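Peer 1: Could you have a look at this structure, given as C-alpha cells, before my questions?
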Amino acid sequence: MLFERTFDNCCALNFPTVREWKQSHPGGKVIACFPVYAPVELIHAAGMLPVGLSGAGDRLDIQHADARFGSFICSIVKTTLEMGMAGHLDPFDGFLFSTICDSARNLCFVMKRNFPKMYVDFLHLPHNPSSPAAAQFLAEEYRRILTELERLGGKADDAAVRHSIGLYNRNRALIRELYQLRTRAPQQVPTSELYQLIRLGSFLAVEEHTAQLETALAEFRSRTAKLRDSIRIVVEGSFCEQPPLTLIRLIEDAGCYIVDDDLVIGQSWFESDVPTEGDPLLALARSYLDHSVYSSVRHDFRKPRWDGLVDKVRRNRADAVLFLIAKFCEPAYFDYVPYKQELERAGIPHLQLEFEEKSFTFDRLRTEIETFVESLVFD
Ligand code: SF4
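Residue numbers (this note's numbering): 10 to 388.
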C-alpha cells in the first residue's frame, strides 16, 4: 500500500506524528479526543491539532491503571490512563471526553484528578435529540468548549470555524467515496487496508490525511483484483475500542468481505457535508442531531439503531452481520439484544465475537468465523 507513513509508526506510544507536528508548529498545542465523536473542527479552528486517542493496543503493560479502576472495565479506558501515568501522553496539551458511557465519563474525571495542570474537558452531547431545544443546547455547549480552546490555542472566529468545517467535509466525503467503492468492489478495497488508512486520520493534520485519502482512492480505483468466493458481512460494535489489525485480517482470510463497519466511526460521523453558511456552531450541532450515523453511544428514538443496522445490511447487499464487541463494552452489549432481535426478524444471519485491543491469540475466533462462513456458503 502507498501510505507515506506506516500505520504502526503512527500508532506508536511516543506519538511520532504529534511530536513532528509540534516541531513544525512551535508553540502549537495538541488536544487528544477520546472516542467516539469529537467536534474536531473547533480544535482545528483554534489553531491546534486534534488527535484521536484509541487506547494502547498490545503495546503497554498495565501497572498503574488497575489500581484506579475496577476489573470489569474495558481495556481502552485502562490503557488510556496508563499511557498518561507512564508519561506517554506528555506531548498532549489537553483531553476531550464526551457522554458515551459511564466508563468514559469516569475516565475523564480520573484524568482530571491525576493531571490537575492539564486542560481536561467533558462535552455534554444531548440525550434527547427530538427536543426543540437540543440544537441550541449543543451549539451553546460547542461555544463553551470553543472558548476554553481559544484560551489554550488561539482566537477562532466564525470564518475560521467555517474554514475548518470545509476541510473536514472534504475529508469525510473522501471516506464516504472509499466506503462506497468498497461496497461495489470489496476485492479492490480490503478493509484491513482501508481501516489503516482511515485510522491514520486520528494522528495526522486533516490537510495531510486528506491528501493521503485522495492518493489512496485513485490507487484503489485503478486496482485489478479477482472477486473471491467470500461472504459479504457488516462489522458492528467496534465503534470505540478498536480490534487488533490481525483480527481484521483474520476475518478477511476466513472468507469474508467486510462491506461496511463502524470502526473509528467518529471520522465518518456525518452522512453529508456540514453546511458552511450561517452560524457554524449551530450547523455542527444540527448535523450532529439530524445528519449523522446511528451509534450505540447515542440515543435517538426518531431513528432506531436496530432499523439502521438492517438498512445498512440491505444497502450494502451484505449476507450477514459480525458483532465484534470489546470486552466489557456496555453500550455495545446493551444494543446487542435489540440488534439480534431485529436481525432475526429480518432473517439476517449473525455471529457475535468478543475481543480486547491487546488480544494476540485468535485460534478460537478463527474457528468460530470459519464455521460461520461455512454454514452460510454451504447453506
Ligand atoms: S469501549 Fe465501550 S465501555 Fe469502553 S469506553 Fe468505549 S464505549 Fe465505553
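All C-beta atoms in this analysis are idealised placements derived from N, C-alpha and C, irrespective of residue type, glycine included. These figures come from a predicted structure and were not determined experimentally.
(1) Going by DSSP in three states, cysteine 249 sits in which element: helix, strand or coil?
(2) Which runs of the alpha helix (DSSP H) spanning at least 4 residues fall entirely within the segment 324-358, listed in chain order?
(3) Would you kindly work out how many angstroms separate the C-alpha atoms of phenylalanine 364 and glutamate 286, rounded to a whole number?
(4) Rounded to whole angstroms, what is the Cα-Cα separation between leucine 222 and glutamate 202?
(5) May I have a chain-ordered list of the alpha helix (DSSP H) segments no shorter than 4 residues that lie completely inside the segment 98-183?
(6) Using DSSP's beta-bridge definition, name the partner residues of isoleucine 240.
(7) Looking at the C-beta of tryptophan 30, does it have a partner C-beta in chain C at a distance below 8 Å?
(8) Quick check: does the Cβ of phenylalanine 78 come within less than 7 Å of any heavy atom belonging to the ligand SF4?
(9) Taking the alpha carbon of lysine 235 as the reference point, which residue from Lys38, Val198 and Arg295 has its own alpha carbon closest?
(10) Should phenylalanine 332 be labelled buried (16 or more other beta-carbon atoms within 10 Å of its own) or exposed?
(11) Taking 8 Å as the cut-off, decide whether the C-beta atoms of threonine 376 and isoleucine 267 are in contact.
(12) Any chance the CB of isoleucine 274 is under 7 Å from a heavy atom of the ligand SF4?
(13) Tell me, please, whether the segment 54-65 touches the segment 76-89 by the rule of three or more beta-carbon pairs shorter than 8 Å.
(14) Helix, strand or coil: how does DSSP classify glutamate 202 here?
(15) Label leucine 237 either buried or exposed according to how many other C-beta atoms from any shown protein chain fall within 10 Å of its C-beta, with 16 as the threshold for buried.
(16) When DSSP labels each residue in this structure, what does glutamine 4 get in the three-state scheme?
(17) Determine the DSSP secondary structure at proline 48, reduced to helix, strand or coil.
(18) Identify whether valine 27 lies in helix, strand or coil by the three-state DSSP scheme.
(19) If you check the beta carbons only, do valine 45 and isoleucine 274 fall under 8 Å apart?
(20) How would you write the range of the beta strand (DSSP E) that proline 59 sits in, first residue to last?
(21) For the ligand SF4, any of its heavy atoms closer than 7 Å to the Cβ of alanine 47?
(22) Can you find a heavy atom of the ligand SF4 that lies under 7 Å from the Cβ of valine 86?
(23) Can you name the start and end residues of the alpha helix (DSSP H) that alanine 294 belongs to?
(24) Checking the sheet assignment: what are the DSSP bridge partners for phenylalanine 279?
(25) Just to confirm, are leucine 209 and phenylalanine 16 a CB contact at a threshold of 8 Å?
(26) For the pair the segment 238-245 and the segment 328-345, tell me if three or more CB-CB distances fall below 8 Å.
Peer 2: With the structure as the only source:
(1) coil
(2) 339-355
(3) 43 Å
(4) 12 Å
(5) 111-123 and 143-161
(6) Cys265
(7) Looking for chain C here will not work: only one protein chain is present.
(8) no
(9) Val198
(10) buried
(11) no
(12) no
(13) yes
(14) helix
(15) Checking the displayed sequence, the identity of residue 237 turns out to be arginine instead of leucine. Exposed, by the Cβ-count rule.
(16) Given a span of 10 to 388 for the chain in the structure shown, any question on residue 4 remains unanswerable.
(17) coil
(18) helix
(19) yes
(20) 58-61
(21) no
(22) yes
(23) 289-299
(24) Ser301
(25) yes
(26) yes
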